[in-house]
């Protein structure tokens, strides 16, 4: 398989199922942002962090590939002509969200209670988590935008929402683990 096909040279790309759309279509923006997020999570995973977090991040990256596949498939192309699902064995399920919630709850047991907003930063690894959280929020916004015009499973939006929560708590937990300083935002008077 060649990397370059030249089929996108005029500014269109194919979705799963073959439908061609402009490369700036909201569906492309949605799954492209999920891909960007997945790459950034890979950068976090490449940092010097506990192996448990690396394992969780690999699981999240796997789920994000699934989210991307879902977003790349228009509703009218989800079922093949033979009646089988185009995304057979792929999906986001409630336990994927519960997995993130369990990890959040576990990390929060070790964290001091939040009394202020936290400024992103304090350590390069923590900063990467905050950037990933922002990309995740953008992916969520794009996916919500897509859902206004096309069918998007609600669970995909819920997963992205919970993932951004996970990334925020991971940033706080890594601040603690890396002995970094958590800077609280205090409004000026």
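Residue numbers (full-length UniProt numbering): 1 to 189. Here a beta-carbon is modelled for each residue, glycine too, at the ideal position from N, C-alpha and C. Quantities reported herein were computed from a predicted structural model and do not represent experimental measurements.
Which residues bound the beta strand (DSSP E) around residue i?
i, result
"residue 117", "117 to 119"
"residue 54", "It is not in any beta strand (DSSP E) - residue 54 instead sits in the alpha helix (DSSP H) that spans 51 to 71."
"residue 184", "183 to 185"
Report the three-state DSSP secondary structure of residue i (helix, strand or coil).
i, result
"residue 152", "coil"
"residue 13", "strand"
"residue 188", "coil"
Looking only at C-alpha atoms, which of the options sits nearest to residue i?
i, options, result
"residue 52", "103, 30 and 153", "103"
"residue 173", "10, 129 and 68", "129"
"residue 49", "176, 181 and 147", "176"
"residue 116", "164, 101, 184 and 158", "184"
"residue 11", "19, 61, 1 and 23", "23"
"residue 133", "160, 142 and 147", "160"
"residue 168", "100, 30 and 70", "100"
"residue 64", "32, 1, 8 and 178", "32"
"residue 124", "28, 40, 8 and 36", "40"
"residue 136", "93, 157, 92 and 3", "157"
"residue 71", "122, 180 and 146", "146"
"residue 30", "166, 165 and 142", "142"
Can you tell me whether residue i is buried or exposed? The criterion is at least 16 other CB atoms within 10 Å of its CB, across all chains shown.
i, result
"residue 5", "exposed"
"residue 42", "exposed"
"residue 66", "buried"
"residue 111", "exposed"
"residue 149", "exposed"
"residue 96", "buried"
"residue 38", "buried"
"residue 106", "exposed"
"residue 119", "exposed"
"residue 188", "exposed"
"residue 75", "exposed"
"residue 73", "buried"
"residue 162", "buried"
"residue 20", "exposed"
"residue 57", "buried"
What are the boundary residues of the alpha helix (DSSP H) that includes residue i?
i, result
"residue 32", "26 to 45"
"residue 102", "94 to 108"
"residue 130", "124 to 147"
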